[in-house]
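Asker: Sharing a structure with you now.
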Amino acid sequence: MAYYRTVGSVPPKRHTQFRRENGELYYEELMGEEGFTSDSSLLYHRHIPSALVDSRVWQLPEAKSEANHPLKPFHFRLHSLFPGESWRQADPVTDRRVVLGNADVRIAYVAAGQPSPLYRNAIGDECVYVESGTGRVDTVFGSIEVGEGDYVVLPRATTHRWVPTGDAPLRLYAVEANSHITPPKRYLSRFGQLLEHAPYCERDLRGPQEPLLEDGEDVEVHVKHRGPGGNGIVGTVFTVPRHPFDVVGWDGCLYPYVFNIADYEPITGRIHQPPPQHQVFEGTGFVICNFVPRKVDYHPLAIPVPYYHSNVDSDEVMFYCGGDYEARKGSGIGQGSVSLHPGGHTHGPQPGAYERSIGAEFFDELAVMVDTFRPLEIAEGGRAADDGRYAWTWSGRGPQGPQEPLEMPGGAG
Numbered sequence: 001m002a003y004y005r006t007v008g009s010v011p012p013k014r015h016t017q018f019r020r021e022n023g024e025l026y027y028e029e030l031m032g033e034e035g036f037t038s039d040s041s042l043l044y045h046r047h048i049p050s051a052l053v054d055s056r057v058w059q060l061p062e063a064k065s066e067a068n069h070p071l072k073p074f075h076f077r078l079h080s081l082f083p084g085e086s087w088r089q090a091d092p093v094t095d096r097r098v099v100l101g102n103a104d105v106r107i108a109y110v111a112a113g114q115p116s117p118l119y120r121n122a123i124g125d126e127c128v129y130v131e132s133g134t135g136r137v138d139t140v141f142g143s144i145e146v147g148e149g150d151y152v153v154l155p156r157a158t159t160h161r162w163v164p165t166g167d168a169p170l171r172l173y174a175v176e177a178n179s180h181i182t183p184p185k186r187y188l189s190r191f192g193q194l195l196e197h198a199p200y201c202e203r204d205l206r207g208p209q210e211p212l213l214e215d216g217e218d219v220e221v222h223v224k225h226r227g228p229g230g231n232g233i234v235g236t237v238f239t240v241p242r243h244p245f246d247v248v249g250w251d252g253c254l255y256p257y258v259f260n261i262a263d264y265e266p267i268t269g270r271i272h273q274p275p276p277q278h279q280v281f282e283g284t285g286f287v288i289c290n291f292v293p294r295k296v297d298y299h300p301l302a303i304p305v306p307y308y309h310s311n312v313d314s315d316e317v318m319f320y321c322g323g324d325y326e327a328r329k330g331s332g333i334g335q336g337s338v339s340l341h342p343g344g345h346t347h348g349p350q351p352g353a354y355e356r357s358i359g360a361e362f363f364d365e366l367a368v369m370v371d372t373f374r375p376l377e378i379a380e381g382g383r384a385a386d387d388g389r390y391a392w393t394w395s396g397r398g399p400q401g402p403q404e405p406l407e408m409p410g411g412a413g
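Residue 289 in the working numbering sits at position 289 of the sequence shown, and the numbers go up by one each step.
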């Protein structure tokens, strides 16, 4: 993140001796990006952070993806991936189901009731959106409580675990990057401060407040990393001699943080605003935007829903996570749905939505959008959650002939 913080105990001068009361040294670890040339933090461990006693294969869930060919838009019903009470036995890391992916980013979903193992993603940063439920994210930097509407940004190689709390499933929409995830550059000063025209600021961000110290021996850490697998991603389970949550203090500009979507201040105008006005984060090869409840276009002749548009450079993925999404009425899309509108397909409002929106002054909708600049492939979770008919909803008929409009009760229309 862009600004400096300190948590716990650190010495007055970096890279100098820092000792316990009994005289033993703490072990300093620099966690930094881009080969010592970008953001970093210094963490002070009770034990040697490099120590290993075992390393074995973590067999990752099936993540083979298939090209979107023949090309068409999709609707994925993510809640169908964890039917009934199946979420009670699932954990937020090892039971994720990958829906879409390419060389830059993977999008996965999970509904979980069990704590995850300790986990470290060594491929890229993660931005995990909490659709519903409550939980806690324990990290080497400390713990953060999370709940509905939170974006949780976890820097690459941060050892952490997810702990669901409460009696309802913790539903997570995970964006796993092959790069770092940051606020959009146009919102930042040349020194990294969020600027006045940005739709959120540093006051809106939550991070760990105190160290998290745990004891334990021969502790397992699941690591996702690059390798020779079919998609270049493999897993390893490290066994470390001492619990990795042994950091007595840290300082710097690199750490996990949380931003709630309700703190995003939408940018509106007299006529329809394009998606970049709704951007919240970016990574290499993709951007993340959100559409929140807001007043809409106030030109007297405005058409508030989006105009029809062709994504000539990107695939658009929309996760519908609350409210009543006006442009998709009649498509069957609802709470927990994901639409994929690929490059090469002209898309826009469902039939009737264009005309119906005229005169609207407010949209009560909540959606998280990922736009990628390389084509997305359909992974196992996407194939399992496909409704099989979304592509034909604009015309009202498909290969099997005419079809009736679908409505999905609750959530987005």
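For glycine and all other residues, C-beta sits at the position ideal for the given N, C-alpha and C.
Keep in mind that this is a model prediction, so the values were computed, not measured.
What's the C-alpha gap between Ser-116 and Phe-82?
Answerer: Straight-line Cα distance between these residues: approximately 16 Å.
Asker: Once the 5 residues before and after Asn-121 are set aside, which same chain residues still bring their CB inside 6 Å of it?
Answerer: These residues qualify, in order along the chain: Lys-224.
Asker: Does the separation of the CB atoms of Glu-62 and Glu-380 fall below 8 Å?
Answerer: Cβ atoms of Glu-62 and Glu-380: closer than 8 Å.
Asker: If you compare alpha carbons, which of Gly-32, Pro-73, Ala-157 and Arg-294 is closest to Gly-388?
Answerer: Checking every option, the nearest Cα to that of Gly-388 belongs to Pro-73.
Asker: In whole angstroms, what separates the C-alpha of Val-10 from that of Phe-191?
Answerer: Each residue's alpha carbon lies about 24 Å from the other.
Asker: Who are the near neighbours of Ala-108 in its chain, counting only those whose CB is closer than 7 Å to its CB and skipping five residues on each side?
Answerer: Contacts found: Arg-96, Arg-97, Val-98, Val-99, Ala-174, Glu-176 and Gly-381.
Asker: Please list the segments of the beta strand (DSSP E) lying wholly inside the region 37 to 64, counting only runs of 3 or more residues, in order along the chain.
Answerer: 40 to 45 and 54 to 58, all fully within the region 37 to 64.
Asker: To the nearest angstrom, report how far apart Asn-290 and Val-240 are at their CA atoms.
Answerer: For Asn-290 and Val-240, the distance between alpha carbons rounds to 39 Å.
Asker: Give the single residue among Ile-358, Ser-314, Ala-367 and Gly-359 whose Cα lies nearest to the Cα of Gln-335.
Answerer: Of the listed residues, the one whose Cα sits closest to Gln-335 is Ala-367.
Asker: Quick check on DSSP: helix, strand or coil for Pro-275?
Answerer: The answer is helix: DSSP assigns Pro-275 an H, G or I state.
Asker: Check whether the region 152 to 167 touches the region 188 to 202, taking contact to mean three or more Cβ pairs, one atom from each stretch, closer than 8 Å.
Answerer: Contact fails: fewer than three Cβ-Cβ distances are below 8 Å.
Asker: Report the residue from His-309, Ala-262, Lys-329 and Glu-24 whose alpha carbon sits nearest the alpha carbon of Arg-46.
Answerer: Of His-309, Ala-262, Lys-329 and Glu-24, the residue nearest in Cα terms is Glu-24.
Asker: So what does Ser-80 bridge to, in DSSP terms?
Answerer: DSSP output for Ser-80 lists no bridge partner at all.
Asker: Looking only at C-alpha atoms, which of Gln-59, Pro-199 and His-79 sits nearest to Pro-169?
Answerer: The candidate whose alpha carbon is nearest that of Pro-169 is His-79.
Asker: Between which residues of its own chain and Ala-391 is the CB-CB distance below 8 Å, once the five residues before and five after are set aside?
Answerer: Within the same chain, Ala-391 has close Cβ partners Lys-72, Pro-73, Phe-74 and Gly-398.
Asker: When you compare only the Cα positions, how much space is there between Leu-42 and Pro-256?
Answerer: Roughly 14 Å between the two C-alpha positions.
Asker: Give me, in chain order, the residues of the same chain whose beta-carbon lies closer than 8 Å to that of Arg-136; leave out the 5 immediate sequence neighbours on both sides.
Answerer: Contacts found: Ser-143, Ile-144, Glu-145, Val-146, Trp-162, Val-163 and Thr-165.
Asker: Is there contact between the region 203 to 216 and the region 233 to 252, where contact requires at least three CB pairs shorter than 8 Å?
Answerer: Contact holds: three or more Cβ-Cβ distances are below 8 Å.
Asker: Could you tell me whether any Cβ in chain B is nearer than 8 Å to the Cβ of Gln-89?
Answerer: The structure shown contains no chain B; it is built from a single protein chain.
Asker: My output table needs one value for Arg-171: the three-state DSSP class, helix, strand or coil.
Answerer: Looking at Arg-171 - three-state DSSP - the assignment turns out to be strand.
Asker: Among Phe-259, Lys-64 and Val-237, which one has its Cα closest to the Cα of Leu-118?
Answerer: The candidate whose alpha carbon is nearest that of Leu-118 is Val-237.
Asker: For my contact list, Val-130 and Gly-149 are in at a C-beta cut-off of 8 Å; report their separation, rounded to the angstrom.
Answerer: Confirmed, Cβ separation roughly 7 Å.
Asker: Report the rounded CA-to-CA distance for Gly-359 versus Pro-306, giving the unit in angstroms.
Answerer: When rounded, the distance between both Cα atoms is 14 Å.
Asker: Considering only C-alpha positions, which residue in the set Ile-288, Ala-157, Gln-114 and Tyr-26 is nearest to Asp-467?
Answerer: Only positions 1 to 413 of the chain appear in the structure, and residue 467 is not among them; the question remains open.
Asker: Give me whichever residues DSSP pairs with Pro-402 in a beta bridge.
Answerer: Looking at the DSSP assignment, Pro-402 forms a beta bridge with Arg-397.
Asker: Could you tell me how far apart the beta carbons of Asp-218 and Val-53 are, in whole angstroms, since I believe they sit closer than 8 Å?
Answerer: Correct: roughly 6 Å between the Cβ atoms.
Asker: Short of 6 Å in beta carbon distance, which residues of its chain neighbour Ala-385, apart from the five on each side in sequence? Order them along the chain.
Answerer: Contacts found: Phe-76, Arg-77, Leu-78, Ser-80 and Leu-81.
Asker: Just verifying my parser: in three-state terms, what is the DSSP assignment at Lys-185?
Answerer: Reduced to three states, the DSSP call for Lys-185 is helix.
Asker: Tell me the rounded alpha-carbon separation between His-180 and Gly-323.
Answerer: Taking the straight line from one Cα to the other gives about 30 Å.
Asker: Shortest alpha-carbon distance to Cys-253 belongs to which of Glu-21, Phe-36, Arg-19 and Tyr-26?
Answerer: Minimum Cα distance to Cys-253 is reached at Phe-36.
Asker: Output the distance between the C-alpha atoms of Trp-58 and Gly-227, rounded to the nearest integer angstrom.
Answerer: Answer to the nearest angstrom: the Cα atoms are 12 Å apart.
Asker: Where DSSP assigns a beta bridge to Phe-74, which residues make up the other side?
Answerer: DSSP lists Leu-340 as partners of Phe-74.
Asker: Would you grab the beta carbon distance between Glu-202 and Tyr-3 for me? Rounded to a whole angstrom, and I think it's under 8 Å.
Answerer: So it is a contact: roughly 6 Å between Cβ atoms.
Asker: Comparing alpha-carbon positions, which option in Gly-352, Phe-362, Glu-377 and Tyr-308 lies nearest Leu-340?
Answerer: Among Gly-352, Phe-362, Glu-377 and Tyr-308, the Cα nearest to that of Leu-340 is on Glu-377.
Asker: Could you name the residues of the same chain whose beta carbon sits closer than 6 Å to that of Met-369, not counting the 5 residues immediately before and after it, in chain order?
Answerer: The answer, listed in chain order, is Cys-289 and Met-318.
Asker: In the DSSP assignment, find the alpha helix (DSSP H) that holds Ala-108 and state where it starts and stops.
Answerer: Note, Ala-108: premise wrong, no alpha helix (DSSP H); beta strand (DSSP E) at 105 to 112.
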